[in-house]
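Trainee:
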Amino acid sequence: MMVDYGIILRTTDGGITWYNQLTLIYYYFSSLLFHDENDGILLGYDFLGQQAVNFTTTDGGLNWSENLL
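Letter 40 of the sequence shown, counting from 1, is numbered 40 in the working numbering, and no numbers are missing.
1) Under 8 Å by Cβ, that's how I've got Phe29 and Gly44 pegged, so tell me the actual separation to the nearest angstrom.
2) Does DSSP put Tyr26 in a helix, in a strand, or in coil?
3) Here's the rule I'm using: 16 or more other beta-carbon atoms within 10 Å means buried, otherwise exposed. How should Leu69 be labelled?
4) Quick check on DSSP: helix, strand or coil for Thr57?
5) Among Asp13, Asn20, Ala52 and Leu48, which residue has its Cα nearest to the Cα of Asn63?
6) Leu42 lies in the beta strand (DSSP E); which residues open and close that run?
7) Go ahead and label Ile8 buried or exposed: buried means 16 or more other beta carbons lie within 10 angstroms of its beta carbon, across all protein chains shown.
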């Protein structure tokens, strides 16, 4: 997985092909960490709400849940 301004990219073939997993245009993502192959956290900032946010996944990044900080 890879993150940039409001975009999460995912690969399933070792980086040959990348797919857009999630796009949130008013967010800046700064860090992506996985505890294991399923559980991960994404840290960022919501420009519209002007607050820090994190997103969590328990399925390897297929789905993300937003949590306000």
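Don't be surprised by glycine CBs; every beta carbon is placed ideally from N, CA and C. Keep in mind it's a predicted model, so treat the numbers as computed, not measured.
Mentor: Reading off the structure:
1) The beta carbons of Phe29 and Gly44 sit about 4 Å from each other, so the pair counts as a contact at 8 Å.
2) Reduced to three states, the DSSP call for Tyr26 is coil.
3) Leu69 sits exposed, since fewer than 16 C-beta atoms from the chains shown fall within 10 Å of its C-beta.
4) DSSP, read as helix, strand or coil, puts Thr57 in strand.
5) Put simply, of Asp13, Asn20, Ala52 and Leu48 the residue whose alpha carbon is nearest the alpha carbon of Asn63 is Asn20.
6) Its beta strand (DSSP E) spans residues Gly40 to Asp46.
7) Looking at its Cβ environment, which holds 16 or more other Cβ atoms inside 10 Å, Ile8 is buried.
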